[in-house]
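Reading through the structure tokens given below for one structure.
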Amino acid sequence: MAASAQKLLGRLGTLGVGLSIAGGIAQTALYNVDGGQRAVIFDRFSGVKNEVVGEGTHFLIPWVQKPIIFDIRSTPRTVATITGSKDLQNVNITLRILHRPSADKLPNIYLTIGMDYAERVLPSITNEVLKAVVAQFDAHEMITHREKVSQQVSVALRERAAQFGLLLDDISITHLNFGREFTEAVEMKQVAQQEAEKAKYLVEKAEQMKIAAITTAEGDAQAAKLLSKAFANVGDGLIELRKIEAAEEIAERMAKNKNVTYLPGNQQTLLNLQS
């Protein structure tokens, strides 16, 4: 009895170890690919497989195969560089890039570049493209045709990134300025333009005042001619009329003034004062 019981316990122990090992093997044979991710399988015997594994839970051969997980969602990155314009001005320019790997190019990306593909590729190709595009414009055009510069950078940078299996969803110029000498020159030019506009305004104002003075003088001369002609035709009657009109106006103004008192004529107003 004791011997049979001992034998049964030994078999159960062996079965438990076997189940434990089987469970461990089954657990290591599964891996998950989450949303927004893709996997590339590395095989110890055949190398990196060309197949790209999508989302979900998948099987692999323990110890022989290993999953390499890639994030294929858009990721922002900022790249800054200093380059020269067509007129040899230093340009400080910064790009903000939304990038992601092309899912079907993941095996090649892993083989030729590695997991840190963004750090290795983007700064290099961005500097290359910016230097090539900015050199086609002078500093003034960089400011006035910023949209055209941004478009050319976007087209050239997307074509260059596609050679490495990268997709660029958005490219924007976030920072653009020039060297201190050019900035000071621009400020001085603006001041000079303002002074020129002010001088132009003063010249136009003087010209208008000159025209107004000439017009007034011509009007006065014409009026004098008309008056001379009127005096020659009707004598001094017009002058007497103007005197009467002026006297009426003066009398009306004095009548409204409270400090003016009218006294009867031909009377002595101090007769009642004691000597």
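Under UniProt numbering, the first residue of the sequence shown carries the number 1, and numbering increases by one thereafter.
Backbone N, C-alpha and C fix where the C-beta goes; we use that ideal spot for every residue, glycine too.
Query	Result
Looking only at DSSP bridge pairs, what is L170 linked to?	Sequence inspection shows Asp at residue 170; the Leu mentioned does not correspond to that position. DSSP lists L98 as partners of D170.
How is L176 classed by DSSP in three states: helix, strand or coil?	strand
Does DSSP put I82 in a helix, in a strand, or in coil?	strand
Please list the terminal residues of the continuous beta strand (DSSP E) segment that includes L30.	L30 to V33
Per DSSP, what kind of secondary structure is V203 in: helix, strand or coil?	helix
Residue range of the alpha helix (DSSP H) that R158 falls in?	R146 to A162
Cutting at 8 angstroms between CB atoms, please list the residues of its own chain near E128, excluding the five before and the five after it.	R160
Could you name the residues that DSSP lists as bridge partners for P67?	I41
Can you check which of these residues, V134, K105, A139 and L95, is closest to L122 by C-alpha distance?	L95
What does the Cβ neighbour count give for T78, buried or exposed, with the cut at 16 atoms within 10 Å?	exposed
Quick test of the definition: if touching needs 3 or more C-beta pairs under 8 angstroms, does the stretch 49–63 touch the stretch 80–92?	no
Rounded to a whole number of angstroms, what is the C-alpha to C-alpha distance between Q37 and A139?	43 angstroms
Which whole-angstrom value is the C-beta distance of R100 and D170, which I expect to be below 8 angstroms?	About 11 angstroms separates the two Cβ atoms, so there is no contact after all.
Along the alpha helix (DSSP H) that carries N127, what are the first and last residues, could you check?	Y117 to V134
Can you tell me whether A26 is helix, strand or coil according to DSSP?	Because A26 carries a pLDDT of 47, less than 50, the predicted location of this residue cannot be relied on, and no value is offered for it.
Are G165 and S102 closer than 7 angstroms when you measure CB to CB?	yes
Do three or more CB pairs link the stretch 200–212 to the stretch 149–160 at distances below 8 angstroms?	no
Could you tell me whether the Cβ atoms of V33 and V52 are closer together than 7 angstroms?	no
Classify F45: buried if its beta carbon has 16 or more other beta carbons within 10 angstroms, exposed otherwise.	exposed
May I ask you to list the residues that DSSP assigns as paired with R77?	I97
According to DSSP, H58 sits in a beta bridge with which residue or residues?	Y31
Where does Q193 land, buried or exposed, given buried means 16+ other C-beta within 10 angstroms?	exposed
Nearest-angstrom Cα distance between V91 and L176?	7 angstroms
To the nearest angstrom, how far is it from the Cα of Y117 to the Cα of I109?	7 angstroms
Would you grab the beta carbon distance between I41 and P67 for me? Rounded to a whole angstrom, and I think it's under 8 angstroms.	6 angstroms
What does the alpha-carbon distance come out to for the pair D104 and E55?	14 angstroms
Looking at L106 and F70, is the spacing between their C-beta atoms short of 7 angstroms?	yes
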